[in-house]
Amino acid sequence: NEAGAKWSTFYEEASRNASSFPLSSIQDALTRLQIQALQDRGSSVLSPEKYSRLSAVLNTMSTIYSTGTVCKITEPSECLVLEPGLDTIMANSTDYHERLWAWEGWRAGVGRMMRPLYEEYVELKNEVAKLNSYSDYGDYWRANYEADYPEEYKYSRNQLVRDVEKTFEQIKPLHQQLHAYVRHQLEQVYGPELISSTGCLPAHLLGDMWGRFWTNLYALTVPYPSKPTIDVTSAMVQKQWDAVRIFKAAEAFFTSIGLDAMTEGFWNNSMLTEPADGRKVVCHPTAWDLGKNDYRIKMCTKVTMDDFLTAHHEMGHIEYDMAYSVQPYLLRDGANEGFHEAVGEIMSLSAATPQHLKSLDLLEPTFQEDEETEINFLLKQALTIVGTMPFTYMLEKWRWMVFSGQITKQEWTKRWWEM
Numbered sequence: 013n014e015a016g017a018k019w020s021t022f023y024e025e026a027s028r029n030a031s032s033f034p035l036s037s038i039q040d041a042l043t044r045l046q047i048q049a050l051q052d053r054g055s056s057v058l059s060p061e062k063y064s065r066l067s068a069v070l071n072t073m074s075t076i077y078s079t080g081t082v083c084k085i086t087e088p089s090e091c092l093v094l095e096p097g098l099d100t101i102m103a104n105s106t107d108y109h110e111r112l113w114a115w116e117g118w119r120a121g122v123g124r125m126m127r128p129l130y131e132e133y134v135e136l137k138n139e140v141a142k143l144n145s146y147s148d149y150g151d152y153w154r155a156n157y158e159a160d161y162p163e164e165y166k167y168s169r170n171q172l173v174r175d176v177e178k179t180f181e182q183i184k185p186l187h188q189q190l191h192a193y194v195r196h197q198l199e200q201v202y203g204p205e206l207i208s209s210t211g212c213l214p215a216h217l218l219g220d221m222w223g224r225f226w227t228n229l230y231a232l233t234v235p236y237p238s239k240p241t242i243d244v245t246s247a248m249v250q251k252q253w254d255a256v257r258i259f260k261a262a263e264a265f266f267t268s269i270g271l272d273a274m275t276e277g278f279w280n281n282s283m284l285t286e287p288a289d290g291r292k293v294v295c296h297p298t299a300w301d302l303g304k305n306d307y308r309i310k311m312c313t314k315v316t317m318d319d320f321l322t323a324h325h326e327m328g329h330i331e332y333d334m335a336y337s338v339q340p341y342l343l344r345d346g347a348n349e350g351f352h353e354a355v356g357e358i359m360s361l362s363a364a365t366p367q368h369l370k371s372l373d374l375l376e377p378t379f380q381e382d383e384e385t386e387i388n389f390l391l392k393q394a395l396t397i398v399g400t401m402p403f404t405y406m407l408e409k410w411r412w413m414v415f416s417g418q419i420t421k422q423e424w425t426k427r428w429w430e431m
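If you read the sequence shown in our numbering, its first letter stands for residue 13, the second for the next number, and so on.
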């Protein structure tokens with residue numbers, strides 16, 4: 013669009029000017045960090061035509077992702093989008109074939125439409141990387157974690173790859189145990205004809221559309237089902253919680269640990285529920301810092317424990333945005349891309365503890381923690397945290413190999429399933 017083109021032109025000129033200053037000659041640390049940030053020309057390094065095309069590709073993929081539908085075979089006029097709709101099936105249904113219909117249908121529709129756009133995206137992003145003096149866009153991505161100044165914080169993108177692989181190997185034995193336990197429990201639900209006792213887990217049974225978070229498997233896998241549940245969804249519904257109350261509870265959590273309350277503009281301008289006027293929106297939860305004390309969250313909140321924790325995660329992003337708002341403009345960003353996510357995630361982990369849920373009257377006053385309830389709680393946390401680590405690691409490794417050309421376009425899907 014016109015505004016984006018103007019920004020690109022301005023940033024390109026500013027970045028080119030900043031590149032005339034050798035970083036080694038700048039003694040002031042704050043100035044050096046700003047000049048270093050500005051020297052990264054980002055996507056503005058592309059020609060205006062290619063920059064506009066990249067923006068169009070990204071916007072189109074986002075629209076396809078959020079508005080693509082899957083229609084029922086017996087009722088072709090009854091179609092579901094991902095959020096809300098298919099995600100509810102993937103979270104709650106225990107019908108093997110309904111889940112498979114949703115999983116396959118979404119990929120057949122959305123994936124095939126996105127494929128040529130993603131190919132174009134990879135080409136354009138690799139061009140961005142090379143024009144910024146990186147070997148490919150994966151290399152450019154990893155550089156976000158790199159630091160060469162000051163001396164005590166030096167860290168290389170090659171070290172990042174080693175650390176990621178090391179962390180995965182450390183968590184792998186625990187994940188294998190979790191995988192075996194979940195497989196056994198799912199075999200009890202779906203039967204040995206659908207679940208192999210020694211093989212892989214069917215991806216469409218893992219609690220969401222991607223098998224990314226296994227949290228929704230808790231009800232099927234809880235070790236001590238006779239103990240009071242620590243999934244407070246039913247309590248939230250019974251006590252008539254709504255989206256605003258969920259976010260007010262998140263705000264109270266943050267202020268209780270000395271962080272800031274949300275601004276008046278946050279409450280006036282955020283989209284906390286799906287619009288009732290039929291507008292098509294991207295429901296995927298996101299937090300926004302629009303500058304000048306304008307912070308917002310966009311989320312189609314449902315009254316579930318999962319969305320309760322997601323609200324804390326997204327508000328964690330806003331708290332981090334507010335904390336660094338006093339910095340110069342070029343430094344108003346996370347220390348790296350992962351740190352922003354870590355801030356949000358650590359807050360949602362803290363909000364999930366039985367002690368905190370009890371303080372919100374979401375667990376019965378008589379709820380007592382003992383060894384069995386503690387194991388239930390730890391399993392629920394493991395389904396979210398440990399379950400997702402191989403997926404996240406594999407996804408990043410696959411994308412790095414796609415950008416570097418180690419995986420050719422013809423083998424993208426084949427190598428994905430092999431990994």
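Just so you know, even glycine gets a beta-carbon here, dropped at the ideal spot from N, CA and C.
Neighbourhood of residue i by C-beta, 7 Å cutoff - its chain only, sequence neighbours within 5 removed
i      : result
Thr313 : Ala255, Ile258, Leu284, Thr285, Asp319 and Ala323
Val294 : Ser74 and Ser78
Gln197 : Leu232 and Thr233
Lys421 : Glu131
Met406 : Met431
Leu98  : Val82, Leu92, Ala114, Trp118 and Met221
Glu199 : Ile207 and Ser209
Phe225 : Gly219, Thr396, Gly399 and Thr400
Pro287 : Val293
Contacts around residue i, its chain only, beta-carbon distance under 8 Å, and the 5 residues preceding and following it disregarded
i      : result
Ile387 : Pro235 and Tyr236
Leu129 : Val69, Thr72, Met73 and Ile76
Tyr133 : Leu66, Val69, Leu70 and Met73
Arg169 : Asp151, Arg154, Ala155, Tyr157 and Glu158
Glu437 : Nothing in the structure corresponds to residue 437, since the chain is present only between 13 and 431.
Three-way DSSP call (helix, strand, coil) for residue i in this model
i      : result
Thr285 : coil
Val315 : coil
Val234 : coil
Leu92  : strand
Val293 : coil
Lys503 : For the chain, the structure presents residues 13 to 431; residue 503 sits outside this window and is missing.
Gln189 : helix
Ala30  : helix
Gln46  : helix
Val69  : helix
Leu229 : helix
Thr253 : With the sequence shown as reference, residue 253 is identified as Trp, and Thr is not the correct amino acid for it. Three-state DSSP puts Trp253 in coil, outside helix and strand.
Asp52  : coil
Lys304 : coil
Gly346 : coil
Met274 : coil
Trp222 : coil
Lys18  : helix
Contacts around residue i, its chain only, beta-carbon distance under 6 Å, and the 5 residues preceding and following it disregarded
i      : result
Leu369 : Val244 and Leu375
Thr385 : Lys239
Ser268 : none
Ile309 : Ser282, Ala299 and Glu326
Ser20  : Ser56 and Tyr63
Ser360 : Leu321, His324 and His325
Leu112 : His216
Met248 : Val315
Asp272 : Met334
C-beta contact flag for residue i and residue j at 8 Å
i      : j      : result
Pro340 : His187 : no
Gly150 : Trp412 : yes
Thr106 : Val194 : no
Leu206 : Leu218 : no
Leu50  : Leu136 : no
Ser64  : Tyr23  : no
Ala354 : Leu321 : no
Ala141 : Asp148 : yes
Ala114 : Met102 : yes
Asn348 : Tyr157 : yes
Asp333 : Asp289 : no
Tyr146 : Ala159 : no
Asn144 : Asp52  : yes
Val398 : Leu190 : yes
Leu391 : Leu45  : no
Pro366 : Ile183 : no
Gly277 : Asn305 : yes
Glu331 : Phe266 : yes
Per DSSP, cross-strand counterpart(s) of residue i
i      : result
Tyr167 : Ala159
Lys435 : The structure shown has nothing for residue 435, since the chain only spans 13 to 431.
Cys212 : Beta-bridge pairing links Cys212 to no other residue.
Thr81  : Val93
Any non-hydrogen atom of the ligand GDP within 7 Å of residue i CB
i      : result
Gly346 : The ligand GDP is absent from the structure shown, which contains no ligands of any kind.
Check your understanding: What runs of the alpha helix (DSSP H), each 4 residues or longer, lie entirely inside the region 351–397?
Key -> The region 351–397 contains these whole alpha helix (DSSP H) runs: 366–371 and 383–397.
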